[in-house]
Amino acid sequence: MIKTDIIIIGAGPVGLFAIFEAGLLKLKCHLIDSLPQAGGQCSEIYPKKPIYDIPGFPSVLAGDLVDNLMEQAAPFKPGFTLGEAAEKIEKQEDGSFIVTTSKGTQHHAPIVMIAGGLGVFEPRKPPVENLADYEDKGVEYIIKDPEFYRGKRCVIAGGGDSALDWSIFLAEKNIASEVALVHRRSSFRGHLDSVQKVMDLAEQGKIKLITEAEVVGLEGDGKVENVTIKHKTEGEIKMDTDHFIPLFGLKPSLGPIADWGLEIEKNAIKVDTRDYSTNIEGIYAIGDVNTYEGKLKLILCGFHEGTIALQSAFARIHPDKKNVLKYTTVNGVQGF
Ligand SMILES: Cc1cc2nc3c(=O)[nH]c(=O)nc-3n(C[C@H](O)[C@H](O)[C@H](O)COP(=O)(O)OP(=O)(O)OC[C@H]3O[C@@H](n4cnc5c(N)ncnc54)[C@H](O)[C@@H]3O)c2cc1C
Numbered sequence: 007m008i009k010t011d012i013i014i015i016g017a018g019p020v021g022l023f024a025i026f027e028a029g030l031l032k033l034k035c036h037l038i039d040s041l042p043q044a045g046g047q048c049s050e051i052y053p054k055k056p057i058y059d060i061p062g063f064p065s066v067l068a069g070d071l072v073d074n075l076m077e078q079a080a081p082f083k084p085g086f087t088l089g090e091a092a093e094k095i096e097k098q099e100d101g102s103f104i105v106t107t108s109k110g111t112q113h114h115a116p117i118v119m120i121a122g123g124l125g126v127f128e129p130r131k132p133p134v135e136n137l138a139d140y141e142d143k144g145v146e147y148i149i150k151d152p153e154f155y156r157g158k159r160c161v162i163a164g165g166g167d168s169a170l171d172w173s174i175f176l177a178e179k180n181i182a183s184e185v186a187l188v189h190r191r192s193s194f195r196g197h198l199d200s201v202q203k204v205m206d207l208a209e210q211g212k213i214k215l216i217t218e219a220e221v222v223g224l225e226g227d228g229k230v231e232n233v234t235i236k237h238k239t240e241g242e243i244k245m246d247t248d249h250f251i252p253l254f255g256l257k258p259s260l261g262p263i264a265d266w267g268l269e270i271e272k273n274a275i276k277v278d279t280r281d282y283s284t285n286i287e288g289i290y291a292i293g294d295v296n297t298y299e300g301k302l303k304l305i306l307c308g309f310h311e312g313t314i315a316l317q318s319a320f321a322r323i324h325p326d327k328k329n330v331l332k333y334t335t336v337n338g339v340q341g342f
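Residues in the sequence shown are numbered consecutively from 7, following the working numbering.
Pasting the structure below:
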């Protein structure tokens with residue numbers, strides 16, 4: 007059981023900045039995110055895009071903003087449970103909460119701060135009939151650790167950056183023993199550089215490139231052993247493999263949070279704008295995941311909401327302590 011002062015669900019920019027504001031109040035945070043890395047939409051959707059409306063930064067790449075937020079939070083030694091969705095919440099008799107993830111990791115804290123953004127990013131799955139039977143038995147939708155594929159035969163499917171970049175990485179660094187890239191069309195959606203690189207590696211025989219084709223079947227005894235690929239002109243091809251990795255992108259959905267008894271409006275959590283608390287005492291919602299009159303889904307608004315919510319959380323955790331607002335210019339940043 008991981009014990010902390012504040013469980014933050016969602017390690018997007020808003021959840022990350024909340025660690026810093028909590029730290030100033032001497033409150034420790036543990037973050038849960040279903041994605042394998044921190045940064046939410048900034049890391050997952052647009053890491054290389056410049057953002058122009060972060061105060062004090064005329065322009066900052068979304069990925070760099072996430073790096074900076076991690077650096078700013080570091081003195082407060084946050085804990086992270088990554089690659090696991092927060093699925094269940096149970097209120098204890100003393101008003102505290104236990105949050106359990108999709109992999110059964112349990113977290114205990116007096117306060118839960120939901121910074122879940124657009125929700126859990128769920129993988130877009132190809133229409134292969136028995137796909138679910140092989141999930142985590144050779145079928146993966148996210149590459150968390152490329153070393154997992156060392157010496158293995160991999161069939162990657164998709165036409166975007168993710169499919170291209172991982173095919174290049176696994177082939178070029180000689181991690182996978184074989185890499186096949188299967189794509190429905192003859193052209194790719196990814197960066198031109200990456201497309202060229204895949205073509206070069208295909209010419210060198212390091213990637214088997216199969217375009218105008220899609221994986222339509224999976225076979226194997228308890229784990230993936232081969233895939234059936236349907237080619238536009240050549241018909242069905244069977245290929246032996248250890249892994250089938252469809253990388254068709256991720257789509258957000260509010261997911262399990264929608265069933266926690268919170269007041270939901272337009273796929274977002276209703277909050278009281280005095281402190282961004284929800285209808286369940288001890289649970290707050292900040293950033294893109296909340297809704298109220300005049301809500302703007304902007305990073306800077308999420309930063310503000312988190313700051314206010316944490317003052318209220320402090321008062322709940324320490325009802326007998328008076329919190330006097332201290333400027334960082336006066337007190338500096340005293341980490342844990
Ligand atoms: C292309 C694009 C450009 C943008 N440009 C700008 C801009 O210029 N300026 C600006 O201010 N905003 C911009 N935005 C919006 C901005 O990215 C969001 O407002 C911001 O990401 C919200 O941050 P967040 O931390 O609330 O949520 P998110 O960034 O969505 O992060 C939420 C995290 O919570 C996780 N999560 C959700 N549910 C669970 C669960 N049950 N268990 C575990 N983890 C969970 C998700 O995996 C995710 O990582 C842009 C958005 C896009 C898509």
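Each residue gets a CB set at the ideal place from its N, CA and C atoms; glycine is no exception.
Closest residue to residue i among the options (Cα-Cα distance)
i       : options                               : result
Asp-99  : Asp-227, Phe-342 and Glu-287          : Note on residue identity: the sequence assigns Glu, not Asp, to residue 99. Glu-99 has its Cα closest to that of Glu-287, out of Asp-227, Phe-342 and Glu-287.
Gly-255 : Gly-16, Tyr-333 and Gly-165           : Gly-165
Leu-67  : Gly-228, Pro-53 and Met-76            : Pro-53
Lys-276 : Ile-8, Leu-224, Lys-301 and Arg-130   : Lys-301
Leu-316 : Ile-292, Pro-84, Val-339 and Asp-246  : Ile-292
Cys-160 : Gly-122, Phe-250 and Leu-260          : Phe-250
Ala-274 : Asp-248, Lys-303, Pro-252 and Leu-253 : Lys-303
Ile-181 : Pro-258, Glu-50, Ile-213 and Glu-146  : Ile-213
Ser-108 : Lys-244, Lys-9, Gly-261 and Thr-234   : Gly-261
Ala-28  : Val-118, Asp-142, Asp-39 and Gly-226  : Val-118
Asp-227 : Pro-252, Ala-115, Asp-246 and Ala-44  : Asp-246
Val-134 : Ala-163, Ile-289 and Arg-156          : Ala-163
Ala-91  : Gly-312, Cys-307 and Gly-122          : Gly-122
Val-145 : Gly-312, Ser-49, Glu-231 and Lys-238  : Glu-231
Gly-46  : Lys-32, Ile-14 and Leu-33             : Ile-14
Residue i - containing alpha helix (DSSP H), residue span
i       : result
Asn-337 : 334–337
Gly-308 : 305–323
Lys-203 : 198–209
Gly-46  : 46–50
DSSP state of residue i mapped onto helix, strand, coil
i       : result
Asp-167 : helix
Leu-215 : strand
Glu-146 : coil
Met-245 : strand
Gly-69  : helix
Asn-296 : strand
Val-20  : helix
Asp-59  : coil
Asp-4   : Here the chain comprises residues numbered 7 to 342, so residue 4 is not present and cannot be evaluated.
Leu-302 : coil
Ile-286 : coil
Residue interval of the beta strand (DSSP E) (run including residue i)
i       : result
Gln-112 : 112–115
Gly-123 : Gly-123 -> no beta strand (DSSP E), and no H or E assigned at all.
Val-134 : Premise fails: Val-134 is in no beta strand (DSSP E) and is neither H nor E.
Ala-80  : Premise fails: Ala-80 is in no beta strand (DSSP E) and is neither H nor E.
Val-105 : 103–107
beta-carbon residue i near ligand 1 non-hydrogen atom, thresh 7 Å
i       : result
Lys-150 : no
Cys-48  : yes
Asp-70  : no
Ser-40  : yes
Val-145 : no
Ile-12  : no
Lys-303 : yes
Gly-16  : yes
Phe-127 : yes
Tyr-52  : yes
Ala-379 : With the chain covering 7 to 342 only, the question about residue 379 has no answer from this structure.
Asp-73  : no
Gly-349 : One cannot answer for residue 349 here, as it falls past the ends of the chain, which runs 7 to 342.
Within-8 Å CB hit, residue i to chain C
i      : result
Pro-84 : Going by chain labels, chain C is absent from the structure shown, which holds only one protein chain.
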